[in-house]
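Residue numbers (our numbering), protein chains in the order written: chain Y, 6 to 316; chain C, 6 to 316; chain D, 6 to 316.
The next block holds one structure in the form of structure tokens; read it before the comments.
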Amino acid sequence: MKTRFNFTNRDIVSIKGFTREEIDYILEIAAAFEPLAEKGSDMLKGKVLAELFFEPSTRTRLSFETAMYKLGGNVIGFAEPGVSSVKKGETLADTVRVVENYSDVIVMRHPLEGAARFAAEYAHVPVINGGSGAEEHPTQALLDLYTILKAKGRIDGLNIALMGDLRYGRTVHSLAYALSLYDVKLNMVSPELLRMRTEVLEDIKTRIDVTEHRDVEDILPELDVLYVTRIQKERFPDLGEYEKVRGTYKVDLDLLRNAKDDLVVLHPLPRVDEIAVEVDSTPFAKYFEQTRNGVIVRMALLALVLGAIKE
Amino acid sequence: MKTRFNFTNRDIVSIKGFTREEIDYILEIAAAFEPLAEKGSDMLKGKVLAELFFEPSTRTRLSFETAMYKLGGNVIGFAEPGVSSVKKGETLADTVRVVENYSDVIVMRHPLEGAARFAAEYAHVPVINGGSGAEEHPTQALLDLYTILKAKGRIDGLNIALMGDLRYGRTVHSLAYALSLYDVKLNMVSPELLRMRTEVLEDIKTRIDVTEHRDVEDILPELDVLYVTRIQKERFPDLGEYEKVRGTYKVDLDLLRNAKDDLVVLHPLPRVDEIAVEVDSTPFAKYFEQTRNGVIVRMALLALVLGAIKE
Amino acid sequence: MKTRFNFTNRDIVSIKGFTREEIDYILEIAAAFEPLAEKGSDMLKGKVLAELFFEPSTRTRLSFETAMYKLGGNVIGFAEPGVSSVKKGETLADTVRVVENYSDVIVMRHPLEGAARFAAEYAHVPVINGGSGAEEHPTQALLDLYTILKAKGRIDGLNIALMGDLRYGRTVHSLAYALSLYDVKLNMVSPELLRMRTEVLEDIKTRIDVTEHRDVEDILPELDVLYVTRIQKERFPDLGEYEKVRGTYKVDLDLLRNAKDDLVVLHPLPRVDEIAVEVDSTPFAKYFEQTRNGVIVRMALLALVLGAIKE
């Protein structure tokens, strides 16, 4: 492969750190990695990934592990802070400066905004943000883009809706920003209380067309991609409001009767009941394939930051 | 090795899914794998096993991990449900459909009957039951058979007793069924409250001779194999009954004075006090070797379902 | 490399099991392993390390894992006893006799004195003590020596202070013994309540000069190595005493103004506030490098006990 950009030792903290050209390059590398997910590779043999998960995760953690193993590397770390020396009062800076001596790359998930950036400033090895606070989840955004690209053959020109919790979900923040680098029409569908924050919206609107909606029915027939997120009941001060909204956003066969034949339905998972199980067996459903794409994209990212891709 | 049966992509959910010929074949493959447990192999290089342990386990979990590593593969997963997205309300079907995208084979332990079969129906990768409910533990049954075969040179013609908790122990259910495919004499030794359930017993009796006993002393002199299980105190409504029974079933040197010289004593472990530690250093004791055989048999099973054994 | 000593299958339970010549040999092997920490090796391919951590640990656990992975081996085990069959009432002896059948070497951390020695007596595979009770942490002592040797080019002739909790810290017990095999001047700096126990001190004094101090200021200008440990608040019956002592032992730039230019400051980590963060960027600070040396030394130890170093 041609290495158009040098990602060696680069931190992946925010999707905002990437240009569109860089993202396109990552997606190209990912596509080239597809066969390696089947047959494995020794590309990262002898390399160690440290996972520091200060918040539990199944998907992100396991898919980074598989990505590392498929490339011949290994994984250390903790899946919850209770087992770690954090309990003994160690600062995050110290934990990072210790763990970088055990590893070649760090993936960190943390409940606090900015934690990954802070870690990246201390670490000499590359730090990948596996989700921090409510703001950032850059590798999820990249795998979402990759899934859209694989399913539709392109990103430019698509009509895309993000639906559900647009306020607290870190996934949709990173994804909305990433999509704004492309020539897409973006529809934000959410209850009033879960609208995307003004500052995020204003930033995106400087680059692309964005419209906001309470209902999905009106725009559904025009959509190419419907990205659904879980609405977390506990966010709502008024449970009646929650119940009303919840029904509105159930994606089922009835709703999808008005969709384009090639509409792609995505979800970062876990879902609870935003998408009816009857949708799973339809061609619309790409949310399980999405998780497989997460492995591919993370393989590409690990290989890139560890300098394993040579011209 | 000659591949007489095709196990590629096959689920291992219940011992009842196997014919005697298939079991014999698996035990043959296991024997051929013995040297690989010492020197290792690259047979499963690039392959990833996902362990979904919804119930804690040391033995089964660690021996599957070692089996995978000895064949050059890797392992992801969780050792207890608390760390996983199950906490976020994800269904088992969804967890399986996500994890199959991160892995080439799944091993699952679950407190509920039928959970492994349910998972196998959803997964496109092979699912191995690492113990579900009180009914099934097929890989334990296979390693028990392998241990008997290694120790005695044959299974047919043996006089075998299963002793202890025959009602709730999933190990003895799977093992009793497996043994009923061979020409053995089977003795069930248990307190009244922990007798094997009638439906299990009736099924086994259609194929082989089975007798039930309260005491082991009478049949001990004739036994070739004594398989001991832990009696769980908490099962007994009447503690006095428990205390009486408990004493009856302590396997110690005094009891073993009347045993054949080549009696084999097995136990799925962990033991509490069913077998006195003084027995550990006698030639009767094969229960620690049994755990080593677990690695061998699981190596064979992983290689088989992953299609790594070629003619 | 020349193999002057045979460590194959040897347990590493106590630093007292080593002669000075053996320790020198281990440090030489470690130095030769430095390049392997960068590029990796297949030296332990097919080998499995079992970690039995009955007490949580980040540093020791993760650095053993990285050491194993860098040499091509793999790791199984548990990071806390809750996930293991210990909960089902299994004895330590049984756990060890099971796990040795899954592994080629065992690393154990345990809250009780003597637990590692007990395990070593039962296991047929080598057992490495990863910290037991308040007495022993032999691999930490070896990595401390290695760090001193790397930083100063020698151990003999150095003036060394151990400061902080000398009573309960297992690290300083093992290190003090190890240093007493060399021609060093040893200074023990601690509050009255945390003085090193008389029996340990008397033993060390049979070999080298040892002096005890309440304050570090007087001896600081002469020191080559200052080894700081965390004082655990909960040890003090009188909190006023703790507060007074705590201030005395803060290593900061002000204190270090009177130090030799090439003073080496070490700490087993995690630190809380015994060393000010302003010291981190000075040439004195070797405590993060110390963690990296832990990987190197443990690589050497694993290769040695697994017989992977051939003449």
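Built from N, CA and C at the ideal position, the CB exists for glycine as well.
The shortest CA-to-CA distance from E141/Y to any of A121/Y, D149/Y, R159/Y and H129/Y is the one to A121/Y.
The shortest CA-to-CA distance from P275/D to any of V233/D, L41/D and Y247/D is the one to V233/D. In the three-state scheme derived from DSSP, where H, G and I count as helix and E and B as strand, G245/Y is classed as helix. Against chain D, the beta carbon of E70/C has neighbours under 7 angstroms at I81, listed in chain order. Taking 8 angstroms as the cut-off between beta carbons, the residues of the stretch 97-119 of chain Y near chain D are A98, D99, T100, R102, V103, V104, N106, Y107 and S108, in sequence order. Per DSSP, G78/D lies in no alpha helix (DSSP H) and is assigned neither H nor E. Against chain Y, the beta carbon of P86/D has no neighbour under 8 angstroms; the closest one sits roughly 11 angstroms away. A contact between stretches requires three or more CB pairs, one per stretch, nearer than 8 angstroms, and the stretch 206-218 of chain Y meets this requirement with the stretch 172-190 of chain Y. For the 8 angstroms CB-CB criterion, P143/Y and I34/Y do not form a contact. In this structure, A84/Y places its C-beta atom within 8 angstroms of the C-beta atom of R66/Y. Look at the stretch 254-303 of chain C and you find these whole runs of beta strand (DSSP E), each 3 residues long or longer: 269-271.
By the Cβ-count criterion, K249/D is exposed, with fewer than 16 other Cβ atoms from all chains shown falling within 10 Å of its own Cβ. By the neighbour-count criterion, in which a residue is buried when 16 or more other Cβ atoms sit within 10 angstroms of its Cβ, T203/Y is exposed. About 12 angstroms separates the beta carbons of V300/D and T152/D, which is beyond the 8 angstroms limit, so they are not a contact pair. Secondary structure of I213/Y (DSSP, three-state): coil. Excluding the 5 residues flanking it on each side, E283/Y has same chain C-beta neighbours closer than 8 angstroms at D257 and L258, in chain order. Nearest neighbour of K238/D by Cα position, chosen from L228/D, V302/D, R251/D and L231/D, turns out to be R251/D. Assignment of K190/C by DSSP, reduced to helix, strand and coil, places it in the strand class. Annotation: the continuous beta strand (DSSP E) that includes V112/C extends over V110 to H115.
Its Cα nearest to that of I209/Y, the residue L186/Y stands out among L186/Y, N79/Y, R219/Y and A139/Y. At a cut-off of 8 angstroms, the C-beta of T296/D has a neighbouring C-beta in chain Y. Between I111/D and V132/D, the beta carbon gap of about 5 angstroms places them in contact (Cβ cut-off 8 angstroms).
According to the DSSP assignment, L57/Y belongs to the beta strand (DSSP E) that extends over V53 to F58. Closer than 8 angstroms to the CB of G312/D there is not a single CB belonging to chain C. Annotation for V101/Y: no beta strand (DSSP E) segment contains it, though the alpha helix (DSSP H) segment containing it runs L97 to V104. As a beta-bridge residue in DSSP terms, I17/D pairs with I133/D. Counting other Cβ atoms within 10 Å of its Cβ, L171/C reaches 16 or more and is therefore classed as buried.
Chain D places no beta carbon closer than 8 angstroms to that of Y151/C, leaving this residue out of the contacts. Annotation for Y182/Y: no beta strand (DSSP E) segment contains it, though the alpha helix (DSSP H) segment containing it runs R175 to L184. The CB of R276/Y comes closer than 8 angstroms to the CB of E95 and D99 in chain C, given here in chain order. Chain Y has a Cβ within less than 8 angstroms of the Cβ of G51/C. Sixteen is the threshold: when 16 or more other Cβ atoms of the shown chains lie within 10 Å of the Cβ of L147/C, as they do, the residue is buried. In this structure, I81/C and A42/C do not form a Cβ contact; the two beta carbons are roughly 22 angstroms apart against a cut-off of 8 angstroms. E105/Y and M168/C have their alpha carbons spaced roughly 53 angstroms apart. Following the DSSP letters along the chain, one finds L231/Y inside the beta strand (DSSP E) bounded by residues V230 to V233. S62/D is classed as buried because its beta carbon has at least 16 other beta carbons within 10 Å across all chains shown.
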